[in-house]
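A short write-up of the structure that comes next.
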Amino acid sequence: MKKFLALAGTLSLLGCSTSNPGIPAQGTYISHITPPASYPTRPALQKLIFPHNSEIEGIVVDPTITAYMEQIRDRLLAQWPGVKPDAPIFLSVDEQFSSDVSPAGGMFINAGMIQYFSDNPETQSEDAFAFIIAHELSHILLGHAADKAANQKLEQRFSGASEFGTMVAAAAGGSAIASSAKTALLSLYGAHTLSEYGGFPSWSRSQEEEADTLAVDLMAKAGYSVSVAETSLDALNTADQRDAARAELKAKAAQEKAQQEAEKNQKDNLTAAVLNPILTPGFSLLGSGLNYVGKGMVYVNLDHPHAAERRAELSHYIDRNYADLIPILHKAPFQKWIRSQEVQKFLHESQAINEVADMARTKNWQKTHQLLAGIGSPVRSSQIWLYFNILTEAGLGQNRQAIADLQVASQRDDVILQTVLLWADYLDSQGKTDDALAYLAQEQKLFDDPATLPKQIMIAKKAKKTITVDELVVECQMTGIDRLQQQCSAASKS
Amino acid sequence: MKKILSLGLLCTTILLSQAQAASTPTVSGVFEKTVHAFAENHAPLGQIPASDLLNQPVAGIDEETGFLKVQTPKGLVLVARAAVTTTMTAAAPRETSCSYIGTLAASGTGSSSGFASNCKAGAR
Numbered sequence: 001m002k003k004f005l006a007l008a009g010t011l012s013l014l015g016c017s018t019s020n021p022g023i024p025a026q027g028t029y030i031s032h033i034t035p036p037a038s039y040p041t042r043p044a045l046q047k048l049i050f051p052h053n054s055e056i057e058g059i060v061v062d063p064t065i066t067a068y069m070e071q072i073r074d075r076l077l078a079q080w081p082g083v084k085p086d087a088p089i090f091l092s093v094d095e096q097f098s099s100d101v102s103p104a105g106g107m108f109i110n111a112g113m114i115q116y117f118s119d120n121p122e123t124q125s126e127d128a129f130a131f132i133i134a135h136e137l138s139h140i141l142l143g144h145a146a147d148k149a150a151n152q153k154l155e156q157r158f159s160g161a162s163e164f165g166t167m168v169a170a171a172a173g174g175s176a177i178a179s180s181a182k183t184a185l186l187s188l189y190g191a192h193t194l195s196e197y198g199g200f201p202s203w204s205r206s207q208e209e210e211a212d213t214l215a216v217d218l219m220a221k222a223g224y225s226v227s228v229a230e231t232s233l234d235a236l237n238t239a240d241q242r243d244a245a246r247a248e249l250k251a252k253a254a255q256e257k258a259q260q261e262a263e264k265n266q267k268d269n270l271t272a273a274v275l276n277p278i279l280t281p282g283f284s285l286l287g288s289g290l291n292y293v294g295k296g297m298v299y300v301n302l303d304h305p306h307a308a309e310r311r312a313e314l315s316h317y318i319d320r321n322y323a324d325l326i327p328i329l330h331k332a333p334f335q336k337w338i339r340s341q342e343v344q345k346f347l348h349e350s351q352a353i354n355e356v357a358d359m360a361r362t363k364n365w366q367k368t369h370q371l372l373a374g375i376g377s378p379v380r381s382s383q384i385w386l387y388f389n390i391l392t393e394a395g396l397g398q399n400r401q402a403i404a405d406l407q408v409a410s411q412r413d414d415v416i417l418q419t420v421l422l423w424a425d426y427l428d429s430q431g432k433t434d435d436a437l438a439y440l441a442q443e444q445k446l447f448d449d450p451a452t453l454p455k456q457i458m459i460a461k462k463a464k465k466t467i468t469v470d471e472l473v474v475e476c477q478m479t480g481i482d483r484l485q486q487q488c489s490a491a492s493k494s
Numbered sequence: 495m496k497k498i499l500s501l502g503l504l505c506t507t508i509l510l511s512q513a514q515a516a517s518t519p520t521v522s523g524v525f526e527k528t529v530h531a532f533a534e535n536h537a538p539l540g541q542i543p544a545s546d547l548l549n550q551p552v553a554g555i556d557e558e559t560g561f562l563k564v565q566t567p568k569g570l571v572l573v574a575r576a577a578v579t580t581t582m583t584a585a586a587p588r589e590t591s592c593s594y595i596g597t598l599a600a601s602g603t604g605s606s607s608g609f610a611s612n613c614k615a616g617a618r
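Quick mapping for you: the protein sequence lines, in order, are chains V and R. Its first residue numbered 1, the first sequence is counted upward by one per residue in this note's numbering. Its first residue numbered 495, the second sequence is counted upward by one per residue in this note's numbering.
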């Protein structure tokens, strides 16, 4: 009973963010949805694009390319009966066949997704591509991204508050504190119960199906042909099948794992090896949390709803609701766009910067310098280009230029987390401890993510700012994020 | 000599037919007992029995609509791709090397469900 009450209480705190009844057995999905009264206001760029800026790829901004996608978005959005969110579109040099949405409502289209349509002329219609835009837009319209972000933070607060309360109780004793500790323990129990029963689910499967379904509704209302909506799901299905076949080759898988481990070890040491010489002794980037994954992983993981199942669900829905329609495909505008110089240039440059990343593993800085020089706008003005350019300059001994470029990159609103940590380390290495701490605190607020706390603790500890260290450690504990807590703990003892 | 040539031609024809049959995609499944069908000029034909489509060859794709051209015993019809499953295989996306550096986001707040899974999952 207590378990149930704890679960019920916590669920009531969670609330219900969308009035989404789920996909109906009869009729269209869109006709059953009550749109929310409002969407969160568009935050500053740094929060809008998070977590893409916590990865090295960051974003690429090129209105000459995204303007066409925005036209498609607006056409779809016009069919939505409720308030229209901003849903800005950004590009990513990521080679994966995927697209994404940030918790704050930004849409991200990978180079790998655009590349697929470029490679396969038979897929080239605005209708097929509109499904991608409609799918991501639907995640925003249905509040999925915001839900996930809110739930994760709530769960962290539960766990963090409980652990902190228990910690205080253990240290101080006394009936009043013990009572708080009990409350904290109950909350912790509640949170764990909730996880156990799916109170904080990833929702990925139902979210994907809902987004697929609403996407089709928006497409149909906008006059697009839903008959090609499944083009991208078919491609995913082929990739799934390919991956499944490969998964059977155990020997190969074992080899790939070994390769990953080797590359991970190699990459963990890369940045430090390159950049340490430009900084003063005592400065190390080893603690900056670089986390290389390495090549050779299976293309599409099986943790997303299998494409075949998604396709079957969607086919059934389309067949049920739109089988009597036979609209003409919109081919010409898409073909003009996908074959345009701007799009092809972006795809070419995305490949090139990925080659730079591969080459950086070998520390062949002459070669990365050569490759980087050949990359033009828009990728040249992105954070990933700046990052590898800084590494290259440092690797070639051009320290002054590397630091100047690092400073420029660190002040931009599309800055990536790696660059933030590098700049803070540099400031610290120059004895500018207060500047480093202020910069990290500011960036933590802008990213709305506590990833920089271990670095702040490390710098404060080195500067013997005991009170600051204590405050930061408490702040870190309150996040309730195990991995981060461990990093903070290690930093405070460093 | 003529007999030998004729026999050779027959064998070639049979082999070609077999190869063609093996490579021609067919309708492998349906979702409902009836399927909306259209004529080649896109005129609606109403609903036809699913059995008319099952195992029938897919003769191609209608360029204007993207609908499947299915050769049935009663003639060529157009059906929506969503209305049936076929033995056709879509082109796969390019293989990638995946990413080199995982997210540094402490909260682990990933973006919402991406269109496909992220092969950087190990870092998230």
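Don't be surprised by glycine CBs; every beta carbon is placed ideally from N, CA and C.
7 Å Cβ cut-off: residues of chain V touching residue i
| i | result |
| --- | --- |
| residue 587 of chain R | 97, 112, 116, 235, 239 |
Cutoff 8 Å: residue i Cβ touching any chain R Cβ
| i | result |
| --- | --- |
| residue 32 of chain V | no |
| residue 475 of chain V | no |
| residue 319 of chain V | yes |
| residue 25 of chain V | no |
| residue 482 of chain V | no |
| residue 242 of chain V | yes |
| residue 326 of chain V | yes |
| residue 306 of chain V | no |
| residue 160 of chain V | Reliability fails at residue 160 of chain V, whose pLDDT of 45 lies under 50, so the model's placement of it is uncertain and no value is given. |
| residue 38 of chain V | no |
| residue 369 of chain V | no |
| residue 315 of chain V | yes |
| residue 125 of chain V | yes |
Below-8 Å beta-carbon distance, residue i vs any chain V residue
| i | result |
| --- | --- |
| residue 544 of chain R | no |
| residue 533 of chain R | no |
| residue 560 of chain R | yes |
| residue 590 of chain R | yes |
| residue 547 of chain R | no |
Neighbouring residues, chain V, relative to residue i (Cβ below 9 Å)
| i | result |
| --- | --- |
| residue 566 of chain R | In chain order: nothing, as chain V lies at least about 17 Å away. |
Contacts of residue i in chain R (Cβ-Cβ under 7 Å)
| i | result |
| --- | --- |
| residue 230 of chain V | 575, 576 |
| residue 120 of chain V | 585 |
| residue 329 of chain V | 558, 559, 560 |
| residue 323 of chain V | 530, 574, 577 |
| residue 489 of chain V | The premise fails here: residue 489 of chain V is roughly 14 Å from chain R at the closest Cβ pair, so nothing lies under 7 Å. |
| residue 492 of chain V | Within 7 Å Cβ-Cβ: nothing; residue 492 of chain V doesn't reach chain R, min ~16 Å. |
Residue(s) in a DSSP beta bridge with residue i
| i | result |
| --- | --- |
| residue 554 of chain R | R:563 |
| residue 570 of chain R | R:565 |
| residue 318 of chain V | Paired residue(s): none; residue 318 of chain V is not in a bridge. |
| residue 528 of chain R | R:543 |
| residue 580 of chain R | R:521 |
| residue 89 of chain V | V:107 |
Partners in chain R for residue i, counting only beta-carbon separations shorter than 9 Å
| i | result |
| --- | --- |
| residue 226 of chain V | 574, 576 |
| residue 92 of chain V | Those do not exist, as residue 92 of chain V stays about 10 Å from chain R at its closest Cβ, beyond 9 Å. |
Where residue i meets chain R, residues with beta-carbon distance less than 8 Å
| i | result |
| --- | --- |
| residue 348 of chain V | Correct list: empty, because the minimum Cβ distance to chain R is about 14 Å. |
Exercise. If we count Cβ pairs, one from each stretch, closer than 8 Å, do we get three or more for the segment 570-588 of chain R versus the segment 111-125 of chain V?
Worked result: The segment 570-588 of chain R is in contact with the segment 111-125 of chain V.
Problem set entry | Length at least 4, wholly inside the segment 97-127 of chain V: the alpha helix (DSSP H) runs in chain order | Within the segment 97-127 of chain V, the complete alpha helix (DSSP H) segments of 4 residues or longer fall at 111-119, listed in chain order.
Problem set entry | Any alpha helix (DSSP H) of 4 or more consecutive residues that is wholly inside the segment 36-62 of chain V | If only complete runs of 4 or more residues are kept, the segment 36-62 of chain V shows the alpha helix (DSSP H) at 45-48, in order along the chain.
Exercise. Would you call the segment 562-574 of chain R and the segment 520-531 of chain R touching, i.e. three or more CB-CB distances under 8 Å?
Worked result: Of all C-beta pairs linking the segment 562-574 of chain R to the segment 520-531 of chain R, three or more are shorter than 8 Å, placing the two stretches in contact.
Problem set entry | Inter-stretch contact at 8 Å, needing at least 3 Cβ pairs: the segment 105-121 of chain V / the segment 72-90 of chain V | As far as the Cβ criterion goes, the segment 105-121 of chain V touches the segment 72-90 of chain V, which means the pair count is three or higher.
Exercise. When the Cβ atoms of the segment 358-373 of chain V are set against those of the segment 384-395 of chain V, are three or more pairs found closer than 8 Å?
Worked result: Verdict: yes, contact present.
For this session: Flag this pair as touching only if the segment 213-225 of chain V and the segment 22-32 of chain V have three or more C-beta atom pairs under 8 Å; answer yes or no.
Result: Short answer: they touch.
Problem set entry | Stretch pair the segment 52-67 of chain V + the segment 456-469 of chain V: three plus CB contacts closer than 8 Å | Contact fails: fewer than three Cβ-Cβ distances are below 8 Å.
For this session: Could you name each continuous alpha helix (DSSP H) segment of 4 residues or more that falls completely within the segment 300-387 of chain V, going from the start of the chain to the end?
Result: Complete alpha helix (DSSP H) runs here, min 4: 307-322, 332-338, 341-361, 365-373.
Problem set entry | alpha helix (DSSP H) runs contained entirely in the segment 453-492 of chain V, provided each spans 4 or more residues | Within the segment 453-492 of chain V, the complete alpha helix (DSSP H) runs of at least 4 residues fall at 453-462, 466-479, 482-492.
For this session: Would you be able to state if there are at least three C-beta pairs under 8 Å between the segment 327-335 of chain V and the segment 225-234 of chain V?
Result: By the Cβ rule, the segment 225-234 of chain V counts as touching the segment 327-335 of chain V, because three or more pairs are nearer than 8 Å.
For this session: Spell out a yes or no on whether the segment 447-459 of chain V and the segment 472-491 of chain V are touching, meaning 3 or more CB-CB pairs, one atom from each, closer than 8 Å.
Result: Result yes; three or more Cβ-Cβ pairs closer than 8 Å.
Problem set entry | Three-pair Cβ contact test at 8 Å for the segment 440-449 of chain V versus the segment 73-85 of chain V | The way I'd put it, the segment 440-449 of chain V doesn't touch the segment 73-85 of chain V; fewer than three beta-carbon pairs between them come closer than 8 Å.
Exercise. Is it a yes or a no for the segment 47-59 of chain V touching the segment 415-429 of chain V, going by three-plus beta-carbon pairs under 8 Å?
Worked result: Because the criterion of three Cβ pairs below 8 Å is met, the segment 47-59 of chain V and the segment 415-429 of chain V touch.
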